[in-house]
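Trainee: Could you have a look at this structure, given as structure tokens, before my questions?
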Amino acid sequence: MISNLLYKEFRLALHPNLIVFTLMGPLILIPGYPYTMVFLFSLIGNFINLMYTRENNDIYYSALLPLKRSEVVLGKWLVLLISQLLTIVISIPFAFLRLRLLSMPNPVGIEANVALYGFGLIIFSCFNFIFLTSYFQTGYKVGTSFLKALAPATFLAIIVEVLVHFPQLAWLDSVAFDGQIKQLPILATGLLIYLVAMWRTYKVSVRRFSQVNL
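Just so you know, we're using this note's numbering here: the sequence shown kicks off at 2 and counts up by one.
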């Protein structure tokens with residue numbers, strides 16, 4: 002069932018821009034760049050994808066198929082999940098490459114380190130819960146849902162970029178081995194928050210979408 006859902010989503014309902022925004026990992030190689038933008042671009046890609054869904058009446062089409070409401074939600078949820086995990090996986094080699102090629106620290110904000118990915122997962126979690134649960138409350142209000150979710154996600158990204166400029170939190174900006182070991186709890190916390198948030202996002206979205214009159 003899941004394979005059929007994914008086949009339908011990726012062959013019929015996927016907007017090409019989602020792929021483009023998922024491939025933003027090389028931005029980590031830019032000196033003096035806010036690296037949390039890699040995660041924010043992923044959010045924009047998913048917004049465009051759901052907007053494409055609305056314009057093509059894909060939710061209504063999916064509801065006409067022999068699918069449960071929960072399976073319609075699952076398809077969109079999986080696309081969001083896969084695109085975000087790919088964003089992270091694709092960016093990691095460039096994070097290592099940056100350490101080898103660029104010796105200068107990032108003057109804008111956080112370095113491409115373990116803490117960045119922990120915070121990135123938290124940014125994703127915040128956005129996903131608000132965006133999908135709000136969207137599936139109606140099944141068509143993509144823009145409103147996106148703005149509701151983007152504001153706190155962007156605020157978190159700004160906080161992350163600013164935090165490393167405080168001397169007491171300089172360890173968050175470290176790219177040394179010992180420093181990144183110290184950052185592992187942030188990554189673990191981010192992963193835990195992401196798992197819980199995605200589970201809750203799915204459950205709440207299913208509950209809300211089951212009450213929508215298409």
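Glycine residues also receive a C-beta, built at the ideal position from the N, C-alpha and C atoms.
To the nearest angstrom, how far is it from the Cα of A14 to the Cα of V21?
Mentor: Sequence index remark: in the sequence shown, residue 14 carries index 13 (1-based). Sequence index remark: in the sequence shown, residue 21 carries index 20 (1-based). Looking at the two C-alpha atoms, the distance is approximately 15 Å.
Trainee: Classify F137 as helix, strand or coil using the three-state DSSP reduction.
Mentor: Counted from its first residue, the sequence shown places residue 137 at position 136. The answer is coil: DSSP assigns F137 none of H, G, I, E or B.
Trainee: What residue range is occupied by the uninterrupted alpha helix (DSSP H) comprising S211?
Mentor: The residue labelled residue 211 in the question sits at position 210 within the sequence shown. First-last for S211: undefined, no H or E at that position.
Trainee: Can you have a look at V73 and say buried or exposed, based on whether 16 or more other CB atoms are within 10 angstroms of its CB?
Mentor: To locate residue 73, count along the sequence shown from 1; it is residue 72. Per the 10 Å Cβ criterion, buried.
Trainee: Tell me where the alpha helix (DSSP H) around W78 begins and ends.
Mentor: On the sequence shown, residue 78 is found 77 positions in, with the first residue counted as 1. It spans 70–102 - the alpha helix (DSSP H) in which W78 sits, taken as one unbroken run.
Trainee: What residue range is occupied by the uninterrupted alpha helix (DSSP H) comprising V161?
Mentor: Residue numbering aside, residue 161 sits at position 160 when the sequence shown is read from its first letter. Residues 143–164.
Trainee: On the criterion of 16 or more Cβ atoms from any shown chain inside 10 Å, does T117 qualify as buried, or is it exposed?
Mentor: On the sequence shown, residue 117 is found 116 positions in, with the first residue counted as 1. Per the sequence shown, residue 117 should be read as Leu rather than Thr. Label assigned to L117: buried.
Trainee: Quick one: is K77 buried, meaning 16 or more other Cβ sit within 10 Å of its Cβ, or exposed?
Mentor: For the purposes of this step, residue 77 is taken as the residue at position 76 of the sequence shown. Its Cβ being crowded by 16 or more others within 10 Å, K77 is buried.
Trainee: Is the beta carbon of A64 closer than 7 Å to that of L188?
Mentor: Numbered from its first residue, the sequence shown carries residue 188 at position 187. Numbered from its first residue, the sequence shown carries residue 64 at position 63. No, the pair does not count as a contact, with Cβ atoms beyond the cut-off.
Trainee: With burial defined as no fewer than 16 other Cβ atoms inside 10 Å of the residue's Cβ, what is the status of F128: buried or exposed?
Mentor: As a position in the sequence shown, residue 128 is number 127, starting the count at 1. Its Cβ being crowded by 16 or more others within 10 Å, F128 is buried.
Trainee: Under three-state DSSP, which class holds E56?
Mentor: The sequence position of residue 56 within the sequence shown is 55, counting from 1. In this structure, E56 counts as helix in the three-state DSSP scheme.
Trainee: For L1, which option in N5, M52, R70 has the closest C-alpha, if you only look at C-alpha atoms?
Mentor: No information on residue 1 is available, as it lies outside the stretch 2 to 215 that the chain covers here.
Trainee: Since L30 contacts R99 with CB under 8 Å, what's their CB separation in whole angstroms?
Mentor: For the purposes of this step, residue 30 is taken as the residue at position 29 of the sequence shown. For the purposes of this step, residue 99 is taken as the residue at position 98 of the sequence shown. 6 Å between Cβ atoms; contact.
Trainee: Taking a contact to mean a Cβ-Cβ separation below 7 Å, would you say N114 touches Q181 in this structure?
Mentor: Stepping through the sequence shown from its first residue, residue 114 is reached at position 113. Stepping through the sequence shown from its first residue, residue 181 is reached at position 180. Yes, Cβ-Cβ distance for N114 and Q181 is below 7 Å.
Trainee: Does the count of Cβ pairs from the region 186–206 and the region 119–134 closer than 8 Å reach three?
Mentor: At 8 Å Cβ cutoff, the stretches touch.
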